[in-house]
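The next block holds one structure in the form of structure tokens; read it before the comments.
Numbering (our numbering), first residue to last: 54 to 641.
Given below as structure tokens:
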């Protein structure tokens, strides 16, 4: 199938076994306030009442339009535009059917993964937003996203072969240079516009939970390329390479990635929050609670978040919990009574209101904002931490007495927990140990919106979903390098990886729901499920007939898990011949 056929303005008139294609003119008629069809005449017909198939043109029309003499035209339903269109058909295919020539196999392709993704995305805001923001290239972007979600490590030179062996939204293969140009066509503005529309679509469709806890975290991606943002910083993988930091927001309930932003590799996590929240504010992304780990805690961050009107749940680093010593002391007195133990979380919980002063940058007025301090204590963890501290303190003291050289971490430890005596010896700093022992087994979480300690606890624990996203991206998909060498391609490459990650998370959420409802999925391994889907194959003939290879019971269960139908033998509508069923081959 090729280009749209440039027919004049026509309409279809269907009968029992014929469909007539008629042209007309719109004319104004006296006494009527609307145009009326005049000069109506038949220019072609389709040999069935369904209105799908090859157009048999009238001789008088062909004399006026000789370009259609050797160009067969068919009327088909186009899924992309969701309407019937007229297209040029392949002359070879049409003649092969008409004259009964032997048909050849045009391809054998894996289709299970495609049908599952099509079913998952058909009414999802992700696909609708992709089509809205990238109306001309969405099918290519989605095809690259499916490739990345399936294969993982994105190698442009491998895509061409993958496209030949797998069914994809964009049926034509893309060369490495075409993929590079596609990456380069995506700008930062396009990506931010996508996120703006995507969030609006998620809100409007009520796809997200009303209680929106969004996990926020970042990762570092090392690179050999000289990107502008590639700088040396604190590498989370310990690699001695320049890196680019990527911050991501993920919905805790569905694990759906919602937003990401790239930062200079030398900028620490704590400094990225304000910029990201200002961006989200001006994109009109609101009504969520950002759940963050210790790396994002600082009083200035809390003030900025409160000033912008967003909500937060954030854990306080162990070294800074002394800022809330008064609350911790109240909590410890409450824990002694034994009334604060929560069996649902397996810990003691104590919550107390607190406040912080925030200066309005516009009016310079100081406002006091209230928030809650949630103190959690695990006796089991406390015992283990104290035992570890005692052991390490003894080991470091022994090393000092023996004159051994300490590494950086042990030097910092000795500086805090061991003091030098006047005679040159060493002894324990008991005051420092006592402070650490008082905080053993305790972690503190702050929130301006969540007053219930149990809710705050689970919100913080569920933030692991964003770490799962990074694990899928960097480990399971092996996207721990950007794989592009130019700045112009980086934005597009990151966006494709976001689409791929979103597809994987949607599928894994379906598997999670299956287990949650007490049902066993066909496989516990996500990769094995994908492998089963890729084993479902279709044989495509030049006549337009598609034969499905036998589908196993496990493969059927994998399709059913994602509510996708098992494919069956059929003719492809887009290669339909008008009376193909009448001329279908018989064994004798």
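By construction, the Cβ of each residue, glycine as well, lies at the ideal position given by its N, Cα and C atoms.
Option nearest residue i by Cα separation, candidates the options
i	options	result
residue 357	331, 372 and 379	331
residue 380	509, 561 and 498	498
residue 302	516, 368 and 400	516
residue 308	387, 525, 592 and 86	525
residue 491	430, 225, 445 and 523	430
residue 59	252, 141, 419 and 383	141
residue 607	583, 387 and 351	583
residue 453	568, 480, 442 and 437	480
residue 231	222, 220 and 212	212
residue 203	187, 192, 220 and 188	220
residue 376	488, 273, 457 and 339	488
Enclosing beta strand (DSSP E) for residue i [first to last residue]
i	result
residue 422	419 to 430
residue 646	The structure shown has nothing for residue 646, since the chain only spans 54 to 641.
residue 503	That residue, residue 503, is in no beta strand (DSSP E); it is neither H nor E in DSSP.
residue 131	126 to 131
residue 600	598 to 601
residue 587	Premise fails: residue 587 lies in the alpha helix (DSSP H), 579 to 587, not in any beta strand (DSSP E).
residue 576	Residue 576 -> no beta strand (DSSP E), and no H or E assigned at all.
residue 98	89 to 99
residue 591	590 to 594
residue 343	342 to 345
Residues near residue i by beta carbon distance below 7 Å, same chain, minus five either side
i	result
residue 174	180
residue 248	312 and 336
residue 255	178 and 261
residue 412	419
residue 513	344, 366, 368 and 498
residue 370	347 and 350
residue 228	213
residue 639	Reliability fails at residue 639, whose pLDDT of 49 lies under 50, so the model's placement of it is uncertain and the value that follows must be treated cautiously. If we look at residue 639 and ignore the five residues flanking it on each side, it has no Cβ neighbours.
Cα-Cα separation between residue i and residue j, rounded to whole angstroms
i	j	result
residue 61	residue 76	7 Å
residue 93	residue 597	34 Å
residue 176	residue 64	30 Å
residue 69	residue 127	19 Å
residue 449	residue 195	56 Å
residue 575	residue 217	28 Å
residue 365	residue 518	16 Å
residue 622	residue 544	41 Å
residue 154	residue 138	Only weak support is given to the placement of residue 154: the predicted model assigns it a pLDDT of 45, under 50, and the value that follows is read from those uncertain coordinates. Each residue's Cα considered, the two are about 28 Å apart.
residue 160	residue 271	43 Å
residue 521	residue 74	56 Å
residue 316	residue 546	15 Å
residue 558	residue 578	14 Å
residue 88	residue 79	6 Å
residue 461	residue 446	15 Å
residue 57	residue 299	43 Å
residue 505	residue 456	52 Å
residue 251	residue 130	28 Å
residue 599	residue 593	5 Å
residue 109	residue 567	51 Å
residue 326	residue 342	13 Å
Check whether residue i and residue j have beta carbons under 8 Å apart
i	j	result
residue 98	residue 71	yes
residue 374	residue 503	no
residue 40	residue 409	The chain is shown only over 54 to 641; residue 40 falls outside these bounds and no answer can be derived.
residue 169	residue 612	yes
residue 305	residue 266	yes
residue 587	residue 200	no
residue 404	residue 425	yes
residue 552	residue 205	no
residue 359	residue 501	yes
residue 439	residue 493	yes
residue 323	residue 348	yes
residue 162	residue 590	yes
residue 106	residue 67	no
Sequence-distant residues of its chain with Cβ nearer than 6 Å to residue i (five each side left out)
i	result
residue 345	269 and 367
residue 617	168, 169 and 172
residue 555	179 and 310
residue 148	Annotation note: pLDDT 47 at residue 148 (below 50); position unreliable, coordinate value reported separately. Closer than 6 Å at Cβ, skipping near neighbours: no residue.
residue 145	With a pLDDT of only 48 at residue 145, under 50, the local geometry of the prediction cannot be trusted, and no value is derived from it.
Host alpha helix (DSSP H) of residue i (start-end)
i	result
residue 222	Taken as a continuous stretch (DSSP letters only), residue 222 belongs to no alpha helix (DSSP H), as it is neither H nor E.
residue 393	Segment: none, residue 393 is in no alpha helix (DSSP H) and carries neither H nor E.
residue 308	Run containing residue 308: none; DSSP gives neither H nor E here.
residue 484	483 to 491
residue 246	241 to 257
residue 523	517 to 524
Any chain B beta carbon closer than 8 Å to residue i
i	result
residue 185	Absent from the structure is chain B; it holds one protein chain and no more.
Same chain only: Cβ atoms within 8 Å of residue i, ignoring 5 sequence neighbours per side
i	result
residue 190	235 and 238
residue 482	469, 470, 471 and 472
residue 614	563, 564, 567, 574, 575 and 582
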